[in-house]
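Asker: Quick one: the structure is below, and I'll ask about it shortly.
Residue numbers (my numbering): 1 to 105.
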């Protein structure tokens, strides 16, 4: 489990996700030696996919513990790794949003 984030205030999920996706996209140009995200984008496929599975499991465990702050923390890790996965496989944030939109119409 990671360290809890202090002083969390509500944000705009669309702005946050778009901004994070842009940062992740920009990390394609970064050195894998200095950027964790660049390592995930260019390194062995299984390393990234295992992280997604690990983070999903940590969300489940936090839910089982009924620990609100821990759920939020682990869900943020999962979303980050999911966005890295989408970037690695060429699924844009707009395409992903379109998929979600199409499901609730």
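Virtual Cβ for every residue (Gly too), placed ideally from N, Cα, C.
Taking the alpha helix (DSSP H) that residue 73 belongs to, which residues open and close that run?
Answerer: 68–88
Asker: Would you call the segment 69–87 and the segment 15–32 in contact, with 3 or more CB pairs under 8 Å?
Answerer: yes
Asker: Buried or exposed: where does residue 100 fall if 16 or more other Cβ atoms within 10 Å of its Cβ makes it buried?
Answerer: Exposed: under 16 other Cβ atoms inside 10 Å.
Asker: So, under 8 Å CB-CB, residue 62 and residue 70 are touching, yes? Tell me the CB distance rounded to an integer number of Å.
Answerer: 4 Å
Asker: For the alpha helix (DSSP H) holding residue 99, just list the boundary residues, first then last.
Answerer: 93–103
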